[in-house]
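Per the working numbering: the sequence shown = residues 104 to 194. C-beta atoms are modelled at their ideal positions from N, C-alpha and C, and glycine is treated no differently. Every value quoted in this text rests on a predicted model; they were computed, and no experiment measured them. Heads up: the structure comes next, in structure tokens.
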Amino acid sequence: MLERARRKDDTQITFVIPPDRPCGQVSVVGDFNDWQPGAHTLETRPDGTRAVTVALPTSQRYGFRYLAAGDYWFDDDHADDHDGRNSILHT
Numbered sequence: 104m105l106e107r108a109r110r111k112d113d114t115q116i117t118f119v120i121p122p123d124r125p126c127g128q129v130s131v132v133g134d135f136n137d138w139q140p141g142a143h144t145l146e147t148r149p150d151g152t153r154a155v156t157v158a159l160p161t162s163q164r165y166g167f168r169y170l171a172a173g174d175y176w177f178d179d180d181h182a183d184d185h186d187g188r189n190s191i192l193h194t
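As structure tokens, then:
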């Protein structure tokens, strides 16, 4: 799931996954961090979901995926779009 907060100079995107998907460490990787695993690791929130917030320029399109332990890649079912390989986010 994606949560958005528009600010004057950028858009804060919070990437959120449910508590049960999947176990272990998860990071979001994409065009905005040169697909570097571990650059944006999700942290557990009080409600059990895991999330990380990234500030991105507005009016842009980004491909992204989640990467979990064991080289397990997965998409965001609630992304703005999917291109057949990646989840797509529009800021």
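Measuring straight from C-alpha to C-alpha, what distance separates residue i and residue j?
i, j, result
"S190", "V131", "11 Å"
"R181", "R107", "The residue you asked about is not Arg; residue 181 is His in the sequence shown. Looking at the two C-alpha atoms, the distance is approximately 13 Å."
"T156", "R188", "23 Å"
"P121", "P140", "19 Å"
"G133", "K111", "23 Å"
"I116", "D174", "24 Å"
"F177", "G127", "14 Å"
"T161", "N136", "16 Å"
"M104", "W138", "19 Å"
"Q163", "P125", "28 Å"
"A171", "T152", "15 Å"
"F118", "D186", "18 Å"
Reducing DSSP to helix, strand and coil, say where residue i ends up.
i, result
"D180", "coil"
What do you get for residue i, buried or exposed, if any count of 16 or more other CB atoms within 10 angstroms of its CB means buried?
i, result
"D219", "What the structure shows of the chain is the stretch from 104 to 194, and residue 219 is not part of that stretch, so it cannot be assessed."
"T147", "exposed"
"T194", "buried"
Where DSSP assigns a beta bridge to residue i, which residues make up the other side?
i, result
"T114", "R109 and L159"
"F167", "G133 and S190"
"T144", "S130"
By Cβ distance below 6 Å, which residues in the same chain neighbour residue i in space, the five residues on each side in sequence not counted?
i, result
"Y169", "V129, V131 and F177"
"A183", "According to the sequence displayed, residue 183 carries Asp and not Ala. Excluding sequence neighbours, D183 sits near I191, L192 and H193."
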